[in-house]
Every structure is written in structure tokens, then in C-alpha cells.
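Residue numbers (the UniProt record's numbering): 1 to 532.
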């Protein structure tokens, strides 16, 4: 009897919710049709009303999703305006590139023309905050197909927000669920949590490419993977040594396989990926030491791999950039090695002194690197344990004397005001911990916090390419490094992905998991490499 009553109660609740939903929908439909005016001169006015009504309902859904903290309503509106991307046309060539750092999309007929064509530069609408290539894709294709015209669509900046933020949330949520599963498996004694996390970060290994030769070997006991084109070259190629990120405890050849392939395929470059040992199994500073050994070996033997020793570039993403700069501090002192031609730094980790810069406050919960992970995994990387993380994140690991000393290089005062607009409150450090200071003393070495290196060393560095992302917790590390380069009169190229986040470039080659900024950022690196 009680079960029957319970079932009936649930049915009543269900019918009530459905009724309320239809009432709301009916009210919204009535409100829309009474408030919105479609003049009789508009042909098919009812169709216009229905389209607008559908858009309004979806926009209301965007407001609800924002209230629930799932995504921004701006992201939903932009997604709606972009619409469904049409299939690629067989009669048009469509290419994306940069015109003086501005993204553009070029549409032109594949049919050869005996003379130069007419050009049309199209700037899409959207109130300055909506619209994109996608929203006006069909319009630009129409112009190119219906007239002998080369159409150039300009990608206007539409602040603020991560494009396809919902997708980022879903990917991050999926990874977090699997990471929690890893914790459970470790508790049950089935496997190690780090092993599961590393497996997830490595991802699915892609099929072997037919245009690249990929082999593994050792450079002075350090494992490396070499990527080079199978197409013969009449001259020695450019070399790029890439050091992967992962906080010093995650990442491998596999996690950055697609990225290294991209560099090798998109430019005439031999790519050397370094497989340095990971902490905590290999305590700090084994990672920097291995990177230095591998780079030194390659500089000596570059010719054996078809690389011009005068055209070697060093690069790295996240903490890989930190390892590269740490190694470079030693390399500039070597007279027996060829000079490195350039540096490439991608959203680098460059200091463990201040964990409350503006970007740490603004992006503390933005995937793929959140503030709690910086503290937890950073502490494991440097010390081998994760105790005292909360105090570390309160900057309680640094005494006032050192804080004042390092403010000339690491301080929120050096961050331009336009980067504080999304919110910044001057931070009051937590109570100083002598024990934490002693345990974390390595953080104040220039090899762990490269922003602490002396100007005399920095001035010996080659030209630098620096990529930062607006929604990256490490953004300000890059901005502070940019200031150091500028203050010392160094030559550098800076590219800021205003819709980017930490790890965005590593998603290249993952198909629908890529983001609009992924290849846009990578193209700027390719353009920089091609100068050498």
C-alpha cells in the first residue's frame, strides 16, 4: 500500500513539474509574440518570430547555466551565433592565417585564374562581443562562390571569456572523475595514484605518421625521441629541443607526441623531445640536470642528426620552459658548445616566490591548472611531500627580508594595469613559517625560480619567443619575464592568447578536443621558428 502511494506521489510530482514547465514555455511564447513586432512588410514574418523565439529560449538556458556555475552566458550566446559549421566546399580553398597577429580566414576559388582576382575584406557583426568566422562562414563562402572574389574574413577580438568554455569544463570534469578513481585504486592497493594520473595525461597514442621518421635513443644516458621528415633535405635542418611540461612529476613523450609531430610536420625542423626523469621517484633537481645533459650532448653532435648546429632552438611548455631556462643559465657559460639560436617559452612556470599574483587570484579555478594543484604537486616536486601546502599558498614560506629583496623582479606592481581588470586585491602574506622556509629553500634558487637569475646571465640569452594565456594561472610569470627581457634590452617576440588557458597547445591533434586558440597559438610559434 505504501509503495503504491509512493509511486502515485512521484507521478504527481512529475506531472506537476511538466505542467509548470509548459506553463512557463507558454508564458514565454505569449510574451515573445506580444512584445516582438514583425512589420507586415517582412516576408515570412512568422518564420522570423519562430527563429527568434528558439534563440531566446536557448539564451535563457545560458543564463541558467551561468547561475549554476557551469559556463558563461556569453559562451552560450557565442556558441548559438556560431551555429553548425557547414561541410567543407569542394570548389573553395579555405585557409586560416595571421595578418600582423590578427587572425584571418581566406576563401578563394580552386579554379585557376589567368589574372589577379578582386579582393573583399569582410568584418563580421555581433556588437563587438559576439560573432566569429563560424557565424559568418556561409556568408563569406557565398561571396567567394558567386563572384570571382578572394574573401578575407577578419577575426575580431570578442572579450571576455574562453571560447568553447563548456567543452573545457566537460574535459576537466571527466579528468577529475578519473583522478578520483585513481585515489580510490591506490587506497584499495591496486595501483599507484601517480601511475594512473600519468596514464591519463599521456592519452591515446596516435597512429604512426607516414611522413615522419620517429626514433628513440639516448643522449648521454637521457632518453630522447627524435622527429624528422622523411623527405630528403639538400641542407642541414633547423633543430628544436622540446622539454615537456607536467609539473616535473607528470608528462612524457606520449603526452606531447602530437605537439612534437606538429612542429616537425609544419616546419622543416628536426624535433628532439627530452624524456627527463620524474619526481618524486627522482628527486629535484634531477629533471634540470637531465635536460642540461641532453641539450649539451645534442649541441655537440647536432650534425649527426642532420641539424645545423648554428640553427638550434630550445623550447618548453609550463615547467618544461623553466627547465629550459635553468639549463640555459649553465649553457651560456660553456665556450666549447655552439650558441643556441633562440628560446621558445610557452606559458612557463618561472617562480615559486609569490603564489598570489593577479593571475593566481583571477585564474585559481581555471582548468587545466588550478591553484590547489600548483601547491600540491609543486610541493611534491621540490620536497617530495605535500605537507604545508595551505601555508605555501599563503606565501608563508618566504621571510619579509627576502620578499622585499625579490620585489624588484617578482611583484604585482610590475604587472600592467590592464591585466588586473578582472580582479586583484593586494595580498597580505600568511604568518611566516621557518620550517617551511627551510624545507622549501630550493624555491629560491635561480634554477627553480628562473626569474631570480641575475641580469648579467639573462643578457647572454638569445632571442626569445614568449606565449602567455589570459586564463592561465601562470600568466603573470610570463609577463614578469617579458618585463625582465625588456628592461635588459633583449630581443623578444610576445604573443598573448586572450582566449587561452594553461595546456591549450597540448590539445593539438586531438580533433574535437582542440580549441580555436590551439592552432592559432602554434602558428605564431611556427612563424617565429621559420625566421631561423
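From the three backbone atoms N, C-alpha and C, an ideal C-beta is built for every residue, glycine too.
Using a Cβ-Cβ distance under 8 Å, would residue i count as near chain D?
| i | result |
| --- | --- |
| residue 202 | Although the question refers to chain D, the structure presented lacks it and comprises just one protein chain. |
Would DSSP call residue i helix, strand or coil?
| i | result |
| --- | --- |
| residue 390 | helix |
| residue 531 | coil |
| residue 431 | coil |
| residue 183 | helix |
| residue 118 | strand |
| residue 426 | coil |
| residue 167 | helix |
| residue 158 | Only weak support exists for where residue 158 lies, its pLDDT of 46 falling under 50; the value from the coordinates is given anyway. It is coil, neither helix nor strand. |
| residue 525 | helix |
| residue 2 | Its pLDDT being 48, under 50, residue 2 is placed unreliably by the model, and the measurement read from it follows with that caveat. If DSSP states are grouped into helix, strand and coil, residue 2 belongs with the helices. |
| residue 517 | helix |
| residue 510 | coil |
| residue 414 | helix |
| residue 438 | helix |
| residue 405 | helix |
| residue 173 | helix |
| residue 178 | helix |
| residue 18 | helix |
| residue 23 | helix |
What do you reckon, are the CB atoms on residue i and residue j nearer than 8 Å?
| i | j | result |
| --- | --- | --- |
| residue 436 | residue 397 | yes |
| residue 276 | residue 222 | yes |
| residue 303 | residue 255 | no |
| residue 233 | residue 211 | no |
| residue 269 | residue 239 | yes |
| residue 490 | residue 329 | no |
| residue 144 | residue 113 | no |
| residue 380 | residue 280 | yes |
| residue 345 | residue 449 | no |
| residue 197 | residue 186 | no |
| residue 340 | residue 462 | yes |
| residue 247 | residue 295 | no |
| residue 75 | residue 161 | yes |
| residue 336 | residue 506 | no |
| residue 206 | residue 421 | no |
| residue 476 | residue 357 | yes |
| residue 534 | residue 460 | Outside the modelled stretch of the chain, which goes from 1 to 532, sits residue 534, for which no answer is possible. |
| residue 214 | residue 242 | no |
Please list, in chain order, all residues of the same chain as residue i whose beta carbon is under 6 Å from its beta carbon, the five residues on each side excluded.
| i | result |
| --- | --- |
| residue 105 | 96, 133, 153 |
| residue 293 | 220, 222 |
| residue 502 | 347, 368, 369, 472 |
| residue 278 | 249 |
| residue 282 | none |
| residue 308 | 236 |
| residue 325 | 450 |
| residue 327 | 291, 292, 295 |
| residue 388 | 436 |
| residue 164 | 515 |
Quick one, which of the options has its alpha-carbon nearest residue i's?
| i | options | result |
| --- | --- | --- |
| residue 479 | 409, 303, 458, 459 | 409 |
| residue 370 | 472, 353, 420, 311 | 472 |
| residue 386 | 439, 155, 185 | 439 |
| residue 315 | 470, 518, 91, 529 | 529 |
| residue 225 | 64, 138, 253 | 253 |
| residue 423 | 289, 400, 363 | 363 |
| residue 549 | 434, 391, 455, 395 | Outside the modelled stretch of the chain, which goes from 1 to 532, sits residue 549, for which no answer is possible. |
| residue 149 | 127, 41, 121, 165 | 121 |
| residue 517 | 527, 482, 470, 484 | 470 |
| residue 416 | 433, 405, 359 | 359 |
| residue 123 | 115, 102, 116 | 102 |
| residue 442 | 353, 44, 19 | 353 |
| residue 390 | 432, 406, 414 | 432 |
| residue 128 | 118, 155, 151 | 155 |
| residue 373 | 338, 176, 500 | 176 |
In its own chain, which residues sit with a C-beta less than 7 Å from the C-beta of residue i, not counting the 5 before and 5 after it?
| i | result |
| --- | --- |
| residue 393 | 355, 371, 375 |
| residue 130 | 77, 78, 81, 158 |
| residue 251 | 201, 244, 245 |
| residue 141 | 89, 92, 107 |
| residue 137 | 85, 86 |
| residue 173 | none |
| residue 305 | 226, 270 |
Less than 8 Å between C-beta atoms, sequence neighbours within five positions excluded: which residues of the same chain meet that for residue i?
| i | result |
| --- | --- |
| residue 209 | 261, 265 |
| residue 492 | 463, 464, 465, 466, 482, 485, 486 |
Complete runs of the alpha helix (DSSP H) confined to the segment 190-249 [at least 4 residues]: 193-202
Completely contained alpha helix (DSSP H) runs for the UniProt domain "Alpha/beta hydrolase fold-3" (120-155), where each covers 4 or more residues: 137-146
Contained alpha helix (DSSP H) runs [length at least 4] in the segment 40-115, N- to C-terminal order: 45-67, 73-82
Entirely enclosed alpha helix (DSSP H) segments - the UniProt domain "Alpha/beta hydrolase fold-3" (442-505), minimum 4 residues: 455-458, 475-487
Complete beta strand (DSSP E) runs within the UniProt domain "Alpha/beta hydrolase fold-3" (240-385) (minimum length 3 residues, chain order): Within the UniProt domain "Alpha/beta hydrolase fold-3" (240-385), the complete beta strand (DSSP E) segments of 3 residues or longer fall at 269-274, 307-317, 342-346, listed in chain order.
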